[in-house]
Structures are given as structure tokens and as C-alpha cells.
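Same order as they appear, the protein sequences are chains A and B.
All letters in the first sequence, in the order written, are residues 1 to 283 by our numbering.
All letters in the second sequence, in the order written, are residues 1 to 266 by our numbering.
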Amino acid sequence: MFRRRPRHPGVRTADATARGGFGASTPPLELRSISATYREKGATFAALEGVSLSVNDGEVVALIGPSGCGKSTLLDVVAGLLIPDAGEVRIRGRPLVAAERLGASAYMRQRDLLLPWRTALGNAALALEVDGTPKRRAMELAGERFPAFGLEGFEDAYPAQLSGGMRQRVAFLRTALAGRPLLLLDEPFGALDALTRAEMQAWLLALLEGGRVAVLLVTHDVEEAVLLADRVIVLTRRPGRVTHEEAVRLTRPRRRTQVMEPAFLRHKAAILEVLGLLDGDTV
Amino acid sequence: MPPVPSPTPLAGGTGRWLAPGGLVAAGLVVWEAAVRTAETPTWLLPAPSVVARTLWIDRGLLAGHATVTLAEIGIGFALALVLGVLLGAAIDASVVLARALYPLVVASQTVPIPALSPLLLIWLGHGLGPKVVVTALVAFFPIVVGTVDGLRATDREVLALLRSLGAGRWARFRLARLPQALPSVFSGARVAVAVSVIGAVFGELVGAEAGLGYLLTRSTAQFQTARVFAAIVVLSAIGIGLFALVALAERVLLPWRRWTTDDGTR
Numbered sequence: 001m002f003r004r005r006p007r008h009p010g011v012r013t014a015d016a017t018a019r020g021g022f023g024a025s026t027p028p029l030e031l032r033s034i035s036a037t038y039r040e041k042g043a044t045f046a047a048l049e050g051v052s053l054s055v056n057d058g059e060v061v062a063l064i065g066p067s068g069c070g071k072s073t074l075l076d077v078v079a080g081l082l083i084p085d086a087g088e089v090r091i092r093g094r095p096l097v098a099a100e101r102l103g104a105s106a107y108m109r110q111r112d113l114l115l116p117w118r119t120a121l122g123n124a125a126l127a128l129e130v131d132g133t134p135k136r137r138a139m140e141l142a143g144e145r146f147p148a149f150g151l152e153g154f155e156d157a158y159p160a161q162l163s164g165g166m167r168q169r170v171a172f173l174r175t176a177l178a179g180r181p182l183l184l185l186d187e188p189f190g191a192l193d194a195l196t197r198a199e200m201q202a203w204l205l206a207l208l209e210g211g212r213v214a215v216l217l218v219t220h221d222v223e224e225a226v227l228l229a230d231r232v233i234v235l236t237r238r239p240g241r242v243t244h245e246e247a248v249r250l251t252r253p254r255r256r257t258q259v260m261e262p263a264f265l266r267h268k269a270a271i272l273e274v275l276g277l278l279d280g281d282t283v
Numbered sequence: 001m002p003p004v005p006s007p008t009p010l011a012g013g014t015g016r017w018l019a020p021g022g023l024v025a026a027g028l029v030v031w032e033a034a035v036r037t038a039e040t041p042t043w044l045l046p047a048p049s050v051v052a053r054t055l056w057i058d059r060g061l062l063a064g065h066a067t068v069t070l071a072e073i074g075i076g077f078a079l080a081l082v083l084g085v086l087l088g089a090a091i092d093a094s095v096v097l098a099r100a101l102y103p104l105v106v107a108s109q110t111v112p113i114p115a116l117s118p119l120l121l122i123w124l125g126h127g128l129g130p131k132v133v134v135t136a137l138v139a140f141f142p143i144v145v146g147t148v149d150g151l152r153a154t155d156r157e158v159l160a161l162l163r164s165l166g167a168g169r170w171a172r173f174r175l176a177r178l179p180q181a182l183p184s185v186f187s188g189a190r191v192a193v194a195v196s197v198i199g200a201v202f203g204e205l206v207g208a209e210a211g212l213g214y215l216l217t218r219s220t221a222q223f224q225t226a227r228v229f230a231a232i233v234v235l236s237a238i239g240i241g242l243f244a245l246v247a248l249a250e251r252v253l254l255p256w257r258r259w260t261t262d263d264g265t266r
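Structure below.
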């Protein structure tokens, strides 16, 4: 196929779906038998082995597993930052190689990765600027969303002047403004204290209610996974393989109070069991 | 959070000037007293008061020569800044260029300036040319090193984030790598501006017709020691002034540095 690489394949094909170019059921993300190795300090580890999963429109899929099970590696593969050894990644049904996937998703990591020389407004507008929106217009668009993200009045503050929670909210706004139909969240609240974390989960839930974005969320917190996700996929220790898939049957919109419902606890127990954490002698 | 102390050493209240000012004043008093008691001849060691008087009497002469030296420093430093940043970026951009250029850049610093000056005189004549070249030669090195170090220190995760958003090589350079390198470039520039004063004076030692370095040589030959000291005072003032100017430019151009430590994080 001699087609020019679309700048944002995911975005482009989403339009095609709207026009009926693809079946409406084509998921934004499909992984087929992905195997990948991870290199660190000269050593090579098998990080993933034959991982297949899909994320549908408006769906939140959580990935959970012991540390070092290749969760982050999987997100790197999806984002196009890492070339897997085997397997296929389909965006809207189209198999794309790593280089073609760059720009198809918005990635948010545990570290906020704000640029210290840019103000909160400039950082939030970063993804828009990468897409070619003129700086002034990008800042305008970002500024409109500041009140909704609880950042009003901090537009001109530098990251070093902001609290951890606010920094993460700016990073979150940057991710949301990227306007990608697929969000990759790698333990986005892992570095925050419990209260800020709960607050941020509420932000994420509110954001998800509105849009039809598909989310792939990596977490090591079972409760967070059940609270936020429609499906929780459990990976084994390295090399990571899918060992269990838990469909979360809780009503949306989700509320924090749901963590006390029997259904929530049943889901939580099922996942803890798969992780081997219900034996009583661990954790 | 409490603001981190500014990275620019010349900034701050008047309080921090008390200690160094007092030290200099005390030294001058001791010097003045010693020269007067021992009745040292002025051609051997002039008293500070004599130097001060010479500064005032020769102000026109000193200002004229200082203007020439300042022009040499200004052009040489500007040249060093442009060349230094370009060379630094080239060294960072490609391994081949790094292997080819870095040894040459280092070698250029081992060239003895007194050996080079007469050659430059033959090639470029008696005007500003040779002095500008010597100034640029000594000043570009710290800027190259600062640029290379700054560019190499870029946060890999930030680059991965930009890549995942679809940012190309140039966009990553413009949005992340260059701004991240600027504090390090400025560190190099502060060193460079200080040594560029020495560079200009070295350039003037051979075959000059004007400039503070020329005035130094001529006045030494004529045993006008007070004037030599006056010229040195003016040179020091130029050095401190230019250093402060670069530090000020850094504060204005990198306002975010006021809230961060040297590695760019909180």
C-alpha cells in the first residue's frame, strides 16, 4: 500500500467510522498476540508473551499485575514507542506499525512530565502545538478548560510553583486536550497522596462520562481498577500473559460510594484471588 | 514552597555586598598606608589614591581605549556565542560530527595565544580582526561545552511523551531539547564573557594601535605604573559589568529558573 502516513491515524479513521467507512463495531484498539522484550542496563527481559486484548469506544480497560509484568511496556508498544517482537496492533481495525502509531494516542505517565520553562497554560497547550495549532490559539483553547480542571488563576504559574495534585491536573488537561480517541494512562495517580488521588479519580470519571474516548489504564491498585474500569485485565508475572479478565458490572456514572457495595467487593475479591493476594500470608 | 535561591550569583540585596566591599576597602587602606610609610616610588607601586587620581585625570584616554576593547569583546563574544551554539548542536546531532569536531574544538584551546597573535597580525592586519579572532577563540569553548552538556541532559521520558504525540525530530528539539539546554548554555556564556576580556587584551598585546591591552603595554614600557593600574581597574569593571549583563539576560530570558534548581526540577 503506497499511502502517505496519516498524521494521526486514529483520528483519521475515527472520522471514517462516522462516515460509515468502517464498521461501527471496529474497536479503537486491538492487540493480537503481542510479545515484547524490554532492555535495561544491557540485559534483555521477556516482558510480554502473547498478549491479546481490545478496547472499545467509550470503554475503560484496566491492566493490573505484579510489578515488572510488562504493563508499561505494553503501553509503550501501543503508543508506538517500542517495536514488539511479535504480534499485531490494530487501530480502528487497521494494522499499523510502530512508527504509524505515533500520534494516534495520548500518553500520560506517573511523572507529570511538565516542561519547567512553560507556564501551566503553555504546558496544557503542548499537545495542540505539536499538532500544529498556532501557539496563541492553543493557549486560548487550553485556557477555556482551566476552570473545569480547577486550575483557574494558575494559568501563568510555572510547574515548580504548583502542588503535586495541580501539576498532575495540568498533565491531565494536556492529555485531554490532545483530543486523541485513545488515552494511555500509566499509573497516572501513583505518585499522589490518598486524598489527592481520590480527587483525581473523580476528575477522570467526570471526564470519561462526557466523551467517548477509549482508555487503557495501567494501575497496581485493585480498588482503582474496579472503580474506574469496565473491564480489568490481570497479567501474570514477567513475561506478562493475560491470566484473567474481569467484566465490572457496576452502574455508570461511577461514584466513590460504590466501593462499599457488595458487587464492588466481589469484583475486588475475584481479582485479588487471581493475583494470589487472598491467601492471608501476603500483603 | 520556599523559592530556591537564584542561580545568578550577582543578584540579591545590598546586604550581600557588605562583606566583599568591606574586605576590598580594608585591603586598600592597608595598601595606602604601607606605600606611604615605606615611601615607595610611584613607578614601582602607586598608592590607591594615586591610581584613583590617574583614573580621573586620564578618563578621556581610558574611555577611548576601553571603547576599542569593548568593541573587540562584543564582536568576539557574539561570534563565539553563535559559533559555539551551532557547533554544540552539530556535535550533539550526529555521532560522526561529534567524533570529528570535539577533538578539534579541544585542540583549539591548546593553541598558545602568544604564538598565534603574530600570525593573525600577518593574516588579518592591525585592525580589529586579529583581536576579535583571539577573543572568539577563547570564548567559544565554554559555550560549546555548555551547549553539548545541556542538549545531552534532556529528559528521555519527556522526549518519549512528545514522540507519542507525533512530534518529529525538529519539534522535539524546539519544544524540549533547546529550552532544556538553555540554562547550561548560559553557564557557558558566563564563563565565556569573563575569558573574552582576557582574550581581547591578549589580542592587543601584539601589534595593536589602540585598546586597554595596548595602553597596558605602552604604559608599562614608559614606567607609568599608575596608568597600568588604572587600565587594570577599568578592565576589571568591564569584566564584572559584562558578567552581570549576561546574568541579567539569563534572568530575563529564563524567568522560570527562579523557581527551580539547577537540574531543572523542583
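Cβ atoms here follow ideal geometry from the backbone N, Cα and C, with glycine treated the same way.
Source: prediction; values computed, not measured.
Query	Result
If you draw a straight line from the C-alpha of residue 21/A to the C-alpha of residue 92/A, how long is it?	At residue 21/A the pLDDT is 40, less than 50, meaning the model places this residue with poor confidence and gives no usable figure here.
Here's a check: name, in chain order, each residue in its chain whose Cβ is nearer than 8 Å to the Cβ of residue 117/B, leaving out the five neighbours to either side.	130, 134, 202, 203, 205, 206 and 207
Can you check whether the CB of residue 62/A is closer than 7 Å to the CB of residue 229/A?	yes
With a threshold of 8 Å, are at least 3 pairs of Cβ atoms found where one atom belongs to the region 162-176 of chain B and the other to the region 70-87 of chain A?	yes
Where are the beta strand (DSSP E) runs, 3 residues long or more, that stay fully inside the region 144-222 of chain A, in chain order?	182-186 and 214-218
For residue 183/B, which of 212/B, 174/B, 199/B and 253/B has the nearest alpha-carbon?	253/B
Does DSSP classify residue 266/A as helix, strand or coil?	helix
Would you please verify whether the beta carbon of residue 116/A is less than 7 Å from any beta carbon of chain B?	yes
Could you give the DSSP three-state label for residue 255/B: helix, strand or coil?	helix
Under three-state DSSP, which class holds residue 178/B?	helix
Counting only beta-carbon separations shorter than 7 Å, does residue 294/A have a partner in chain B?	It is not possible to answer for residue 294/A, since the shown part of chain A is limited to 1 through 283.
Can you tell me where the alpha helix (DSSP H) with residue 68/B in it begins and where it stops?	59-93
Taking the alpha helix (DSSP H) that residue 275/A belongs to, which residues open and close that run?	Premise fails: residue 275/A is in no alpha helix (DSSP H) and is neither H nor E.
At what residues does the beta strand (DSSP E) containing residue 53/A begin and finish?	43-55
If you measure from the beta carbon of residue 130/A to each beta carbon in chain B, is any gap under 7 Å?	yes
So, at 8 Å on beta carbons, what are the nonlocal neighbours of residue 209/B in its own chain, with the 5 sequence-adjacent residues on each side left out?	126
Could you give the first and the last residue of the continuous alpha helix (DSSP H) run that contains residue 32/B?	18-38
Which chain D residues are close to residue 20/B, counting only those with a beta carbon under 9 Å from its beta carbon?	The question asks about chain D, but that chain is absent: this structure's protein chains are A and B.
By DSSP, does residue 1/B sit in helix, in strand, or in coil?	No answer about residue 1/B holds up, because its pLDDT of 45 lies below 50 and its placement is not dependable.
Would you list, in chain order, the members of the region 155-168 of chain B that have their beta-carbon closer than 8 Å to a beta-carbon of chain A?	155, 157, 158, 160, 161, 162, 163, 164, 165, 166 and 167
For residue 147/B, would you say it is in contact with chain A, using Cβ-to-Cβ distances shorter than 7 Å as the test?	no
How long is the line joining the alpha carbons of residue 70/B and residue 191/B, rounded to whole angstroms?	17 Å
Taking only three categories from DSSP, how would you classify residue 114/A?	coil
If contact means a Cβ-Cβ distance below 8 Å, which residues of the region 143-175 of chain A contact chain B?	158, 159, 160 and 161
Considering only the alpha carbon of each residue, which of 151/B, 246/B and 227/B lies closest to residue 60/B?	227/B
With which residues is residue 35/A paired in a DSSP beta bridge?	86/A
What are the residues of the region 241-259 of chain B that lie near chain A, defined by any Cβ-Cβ distance shorter than 9 Å?	254, 255, 256, 257, 258 and 259
From what residue to what residue does the beta strand (DSSP E) around residue 101/A run?	Taken as a continuous stretch (DSSP letters only), residue 101/A belongs to no beta strand (DSSP E), being part of the alpha helix (DSSP H) at 98-101.
Show which residues of chain B have a CB atom less than 7 Å away from the CB atom of residue 111/A.	157
Pairing CB atoms from the region 197-212 of chain A with CB atoms from the region 92-106 of chain A, are three or more of them under 8 Å?	no
Say whether chain B places a C-beta atom closer than 7 Å to the C-beta of residue 107/A.	yes
Tell me the residue span of the beta strand (DSSP E) that contains residue 60/A.	60-64
So that I know if they touch, is there some Cβ in chain B lying closer than 7 Å to that of residue 185/A?	no
Look at the alpha carbon of residue 223/A and the alpha carbon of residue 145/B, and state the distance between them as a whole number of angstroms.	50 Å
Helix, strand or coil for residue 247/A per DSSP?	strand
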